[in-house]
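Structure record follows, encoded as structure tokens.
Number of protein chains: 2
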Amino acid sequence: MATAVQRDESMFSVLVEIGIALTSENDLDRLLERIVSEARQLTHADGGSLYLREGEDLRFVVSQNETLATRLGPEGERALFSPFTIPIDRKSIAGFVAKTGQVLNLEDVYEIPEEAEYRFLKDFDRRNDYRTKSALHVPLMDPGGHVIGVLGIFNRRAADGEIQPFRPADERLIRAMASQAAVAVENAKLHKDIRDAHLDTIFRLSVASEYRDYDTANHIRRISEHSARIGSDLGLPPEEVDLLRYTSPMHDVGKIGVPDAILLKPGKLTPEERAIMEQHTVIGARILEKSSASVLRESEVIARSHHEKWDGTGYPDGLQGEAIPVQGRIVAVADVFDALSSRRCYKPAFPPEKVIEILKEGRGGHFDPDILDAFLDHLDAHAEIRARYEETT
Amino acid sequence: MATAVQRDESMFSVLVEIGIALTSENDLDRLLERIVSEARQLTHADGGSLYLREGEDLRFVVSQNETLATRLGPEGERALFSPFTIPIDRKSIAGFVAKTGQVLNLEDVYEIPEEAEYRFLKDFDRRNDYRTKSALHVPLMDPGGHVIGVLGIFNRRAADGEIQPFRPADERLIRAMASQAAVAVENAKLHKDIRDAHLDTIFRLSVASEYRDYDTANHIRRISEHSARIGSDLGLPPEEVDLLRYTSPMHDVGKIGVPDAILLKPGKLTPEERAIMEQHTVIGARILEKSSASVLRESEVIARSHHEKWDGTGYPDGLQGEAIPVQGRIVAVADVFDALSSRRCYKPAFPPEKVIEILKEGRGGHFDPDILDAFLDHLDAHAEIRARYEETT
Chain Y
26 MATAVQRDES MFSVLVEIGI ALTSENDLDR LLERIVSEAR QLTHADGGSL YLREGEDLRF
86 VVSQNETLAT RLGPEGERAL FSPFTIPIDR KSIAGFVAKT GQVLNLEDVY EIPEEAEYRF
146 LKDFDRRNDY RTKSALHVPL MDPGGHVIGV LGIFNRRAAD GEIQPFRPAD ERLIRAMASQ
206 AAVAVENAKL HKDIRDAHLD TIFRLSVASE YRDYDTANHI RRISEHSARI GSDLGLPPEE
266 VDLLRYTSPM HDVGKIGVPD AILLKPGKLT PEERAIMEQH TVIGARILEK SSASVLRESE
326 VIARSHHEKW DGTGYPDGLQ GEAIPVQGRI VAVADVFDAL SSRRCYKPAF PPEKVIEILK
386 EGRGGHFDPD ILDAFLDHLD AHAEIRARYE ETT
Chain Z
26 MATAVQRDES MFSVLVEIGI ALTSENDLDR LLERIVSEAR QLTHADGGSL YLREGEDLRF
86 VVSQNETLAT RLGPEGERAL FSPFTIPIDR KSIAGFVAKT GQVLNLEDVY EIPEEAEYRF
146 LKDFDRRNDY RTKSALHVPL MDPGGHVIGV LGIFNRRAAD GEIQPFRPAD ERLIRAMASQ
206 AAVAVENAKL HKDIRDAHLD TIFRLSVASE YRDYDTANHI RRISEHSARI GSDLGLPPEE
266 VDLLRYTSPM HDVGKIGVPD AILLKPGKLT PEERAIMEQH TVIGARILEK SSASVLRESE
326 VIARSHHEKW DGTGYPDGLQ GEAIPVQGRI VAVADVFDAL SSRRCYKPAF PPEKVIEILK
386 EGRGGHFDPD ILDAFLDHLD AHAEIRARYE ETT
């Protein structure tokens with residue numbers, strides 16, 4: 026007796042560890058895979074699957090199968106996976122569990138009693154020459170009692186490899202784990218939602234800032250992609266590349282403060298007008314200043330520094346060389362490339378050869394030579410970005 | 026023997042429940058209180074405290090004491106709490122735990138051996154006529170092994186009320202709980218950081234959108250506060266009031282698309298100019314359209330509908346009565362109040378009596394009568410908002 030209880034105690038402390046591991050995973054996709062693999066390990070299950078609720082349906086999001094992974098290799102197993110949805114009703118095992126909130130612990134899915142409302146879907150077994158036998162399905166229920174998904178594990182392997190039914194102790198553990206998993210999934214979704222909202226708001230700020238002068242959305246996407254690509258080719262860490270993607274399009278937010286008569290003037294600007302135009306760097310930094318959000322802090326830096334030049338002849342601060350923040354030096358190349366390639370109220374679009382020629386003339390003068398080289402070394406990639414987000418006007 | 030193990034097993038399943046409860050709490054302050062109260066309940070501790078790391082210091086953030094709460098009432102106990110920071114070094118108990126990552130389980134804090142580096146700070150006991158005796162302090166350690174805070178509980182009460190030392194089993198439980206708590210705290214902080222970044226970005230979008238015409242930041246804060254206050258006085262649910270606070274300042278984002286010659290014209294607009302000016306509602310909705318973020322979806326609604334009038338004579342859709350979204354009807358009152366009370370390029374600031382008179386004339390014509398009444402019934406509150414965010418130019 027004591028041994029069974031002791032095993033349970035150690036299982037529960039494992040469960041506490043699993044809870045910690047799951048809740049510290051904020052990436053939803055990785056989290057979902059992890060839930061299934063932990064459940065399988067806890068119970069020695071050969072396979073597992075996970076469904077998430079989407080309105081009145083369940084979406085099949087994770088499939089793991091040790092036997093098939095061994096037979097086909099991890100790539101081959103992954104290729105088998107094709108997402109689908111099934112309705113939340115009593116006709117399928119997962120649907121039944123989601124609909125009723127009940128656990129289904131079946132000894133053999135091919136011997137479901139006639140009177141049961143649900144049926145086992147044999148497609149997977151048929152297609153993959155597999156035989157599912159024992160299966161344990163539990164609802165993922167949030168603390169409010171709402172089913173947010175279904176976790177299924179199948180074919181529990183005894184030490185000798187024989188397939189056995191899941192035991193009551195497995196059922197208790199997987200139920201407890203499913204509650205932890207449900208909270209972790211809700212957290213990761215919430216996290217994703219706020220992050221998406223934040224990034225979307227940044228995008229709208231960029232759209233608003235370019236509204237008066239350019240073919241807005243595509244211009245923003247190009248600056249974003251060119252800058253991120255240059256950053257990545259320079260070997261910046263992925264978080265920094267990602268940040269560049271969101272911050273670079275805000276470089277001209279200060280143009281909001283430049284009068285139409287100057288911003289939209291077709292001809293050459295007078296020195297006085299030019300001085301006012303150049304203020305857009307300072308105004309932009311002012312709009313974005315002193316934020317506690319890293320995205321806005323970096324945007325402030327870019328707004329202020331993207332017109333500085335490598336040789337110190339830029340504005341507003343006349344910074345030189347590496348005193349110019351690297352993000353500003355990157356956006357300078359992306360922005361000039363885009364401006365030269367596009368039609369503006371004061372100039373036509375230049376042909377690609379002419380654009381490259383002008384950029385090269387600025388090597389070490391206007392532009393950081395290393396950054397310009399990183400750009401020129403991957404011209405194909407940048408041409409592809411440009412083609413993808415072509416002018417619509 | 027079996028009974029001790031069984032108690033441990035049930036303790037571990039309690040711990041799984043606590044982990045779920047903690048990780049589903051996204052509000053940082055409530056979470057911190059909950060961590061301390063759960064730890065106290067698990068171990069029958071009379072008191073508890075929590076410190077969070079801030080750089081090289083620990084900030085004291087939660088204090089709970091059952092004896093003092095009974096003696097002084099919950100209000101009185103809370104009044105005792107004053108936040109302070111202590112350095113992370115070996116001189117205090119919490120500092121030592123944070124510095125070394127070790128658990129300190131002390132039988133009597135007044136009998137710390139001379140050779141120990143840390144000392145018990147007696148201030149709390151002296152000030153409150155309390156006697157701290159047994160104390161268990163554990164580090165809050167994230168999965169990467171970084172100490173993010175310290176949880177302390179003290180004076181474990183036996184069934185007869187006597188103060189006893191914390192047992193090894195208590196120590197194991199509280200250590201395990203502290204790991205769960207650390208992840209929950211990290212999640213809640215991350216959640217707060219992204220949320221703050223999102224709201225800050227929204228604020229910048231509002232600033233940018235008003236940059237050309239108004240005394241920006243204060244105008245935005247006024248519209249935000251007036252609108253939220255009206256919503257609250259109308260009895261909208263708190264989430265909706267909160268949403269109004271962030272969405273209302275974006276109502277004029279479309280002015281970015283209105284030429285200076287019209288937006289900044291000192292005199293009366295011609296009918297053609299007026300038609301272009303009115304397009305700011307449509308442009309604003311276009312800048313914000315089709316977002317998956319609720320804040321931007323509501324902002325889109327407000328941008329489009331804040332110039333509709335209750336009698337159907339507004340623009341751009343000529344909606345009438347309750348066909349106008351309630352947020353648009355609320356912002357209409359806040360916006361007109363603010364415009365009348367402020368100096369604009371085409372008019373002086375009107376005195377308060379004149380403002381009220383004009384608003385009243387619009388009751389049932391321009392304005393939803395119920396919403397106007399909700400505003401007029403709390404004029405003092407709105408005058409206070411106006412005074413707080415006065416024009417600076």
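Going down the list, the protein sequences come from chains Y and Z. Following my numbering, the numbering of the first sequence begins with 26 at its first residue and continues without gaps. Following my numbering, the numbering of the second sequence begins with 26 at its first residue and continues without gaps. Just so it is clear, CB atoms sit at the ideal spot from N, CA and C, and this is done for glycine as well.
Can you list, in chain order, the residues of its chain whose CB lies under 6 Å from that of residue i, leaving out five sequence neighbours each side?
{"i": "R354/Z", "result": "D393 and I396"}
{"i": "E298/Y", "result": "I287"}
{"i": "F106/Y", "result": "S88"}
{"i": "K334/Y", "result": "H391"}
{"i": "S330/Z", "result": "I349, P350 and G353"}
{"i": "I111/Y", "result": "L83, S117 and G120"}
According to DSSP, is residue i helix, strand or coil?
{"i": "K372/Y", "result": "strand"}
{"i": "Q127/Y", "result": "coil"}
{"i": "Y135/Y", "result": "helix"}
{"i": "N212/Y", "result": "helix"}
{"i": "F109/Y", "result": "coil"}
{"i": "A242/Z", "result": "helix"}
{"i": "R103/Z", "result": "helix"}
{"i": "A70/Y", "result": "strand"}
{"i": "H223/Z", "result": "helix"}
{"i": "R84/Z", "result": "strand"}
{"i": "S62/Y", "result": "helix"}
{"i": "F400/Z", "result": "helix"}
{"i": "E409/Z", "result": "helix"}
{"i": "S204/Z", "result": "helix"}
{"i": "F145/Z", "result": "coil"}
{"i": "R197/Z", "result": "helix"}
{"i": "E415/Y", "result": "coil"}
{"i": "S49/Z", "result": "coil"}
Which bits of chain Y does residue i rub up against, with CB to CB less than 8 Å?
{"i": "Q205/Z", "result": "V41, G44, I45 and T48"}
{"i": "G282/Z", "result": "Y236 and R237"}
{"i": "V320/Z", "result": "A222 and T226"}
If you drop the 5 nearest sequence neighbours on each side, which residues of the same chain put their C-beta closer than 7 Å to that of residue i?
{"i": "F16/Y", "result": "There is simply no residue 16/Y to check, as chain Y begins at 26 and stops at 418 in what is shown."}
{"i": "R65/Y", "result": "G73, Q89 and I178"}
{"i": "Y271/Z", "result": "L224, I227 and V320"}
{"i": "E102/Y", "result": "N90, L93 and A94"}
{"i": "L56/Z", "result": "L47, E50, A209, V210 and A213"}
{"i": "L40/Y", "result": "L198, A201 and M202"}
{"i": "R411/Z", "result": "R247 and S366"}
{"i": "S204/Z", "result": "M166"}
{"i": "K217/Y", "result": "L53"}
Cβ closer than 8 Å: which chain Z residues qualify as neighbours of residue i?
{"i": "I425/Y", "result": "Nothing about residue 425/Y can be reported from this structure: the residues present for chain Y run from 26 to 418 only."}
{"i": "Y340/Y", "result": "Within 8 Å Cβ-Cβ: nothing; Y340/Y doesn't reach chain Z, min ~20 Å."}
{"i": "I312/Y", "result": "R229, V232, A233 and Y236"}
Take residue i and list the residues in its own chain whose beta-carbon comes closer than 8 Å to its own, dropping the five residues that flank it on each side.
{"i": "I248/Y", "result": "S273, P274, H276, V356, A359, D360 and D363"}
{"i": "C432/Z", "result": "Residue 432/Z falls outside the range modelled here, since chain Z spans only 26 to 418, and no answer is possible."}
{"i": "T68/Z", "result": "L161, I178, R181, F191, D195, L198 and I199"}
What residues from chain Z crowd round residue i, counting only those whose CB sits closer than 7 Å?
{"i": "L230/Y", "result": "T226, R229, L230 and A233"}
Identify the contact partners of residue i in chain Z, using a Cβ-Cβ distance below 9 Å as the criterion.
{"i": "V210/Y", "result": "Chain Z residues near V210/Y: none, gap ~11 Å exceeds 9 Å."}
{"i": "H216/Y", "result": "N212, L215, H216 and I219"}
{"i": "P168/Y", "result": "I45, A46 and S49"}
{"i": "D54/Y", "result": "The contacting residues do not exist; D54/Y stays about 18 Å from chain Z at best."}
Residues of chain Y with CB closer than 7 Å to the CB of residue i, please, in chain order.
{"i": "H420/Z", "result": "Residue 420/Z falls outside the range modelled here, since chain Z spans only 26 to 418, and no answer is possible."}
Start-end ranges of the alpha helix (DSSP H) lying completely within the stretch 244-315 of chain Y, minimum 4 residues: 263-272, 285-288, 296-303 and 305-313
Length-filtered (4 minimum) alpha helix (DSSP H) runs lying within the stretch 147-194 of chain Y: 148-153
Mind the definition here: the stretch 279-293 of chain Y touches the stretch 255-263 of chain Y only if three or more C-beta pairs lie below 8 Å; say whether that holds. Touching, no.
Would you list, in sequence order, the uninterrupted beta strand (DSSP E) runs of no fewer than 3 residues that lie entirely inside the stretch 328-379 of chain Y? Restricting attention to beta strand (DSSP E) runs no shorter than 3 residues, the stretch 328-379 of chain Y encloses none.
Is the stretch 159-169 of chain Y touching the stretch 180-194 of chain Y, taking contact as three or more C-beta pairs under 8 Å? Short answer: they touch.
Pair every Cβ in the stretch 306-315 of chain Z with every Cβ in the stretch 330-347 of chain Z, then say whether three or more of these pairs are closer than 8 Å. yes
I'd like to know if the stretch 289-296 of chain Z and the stretch 317-326 of chain Z are in contact, where contact means that at least 3 CB-CB pairs between them fall below 8 Å. no
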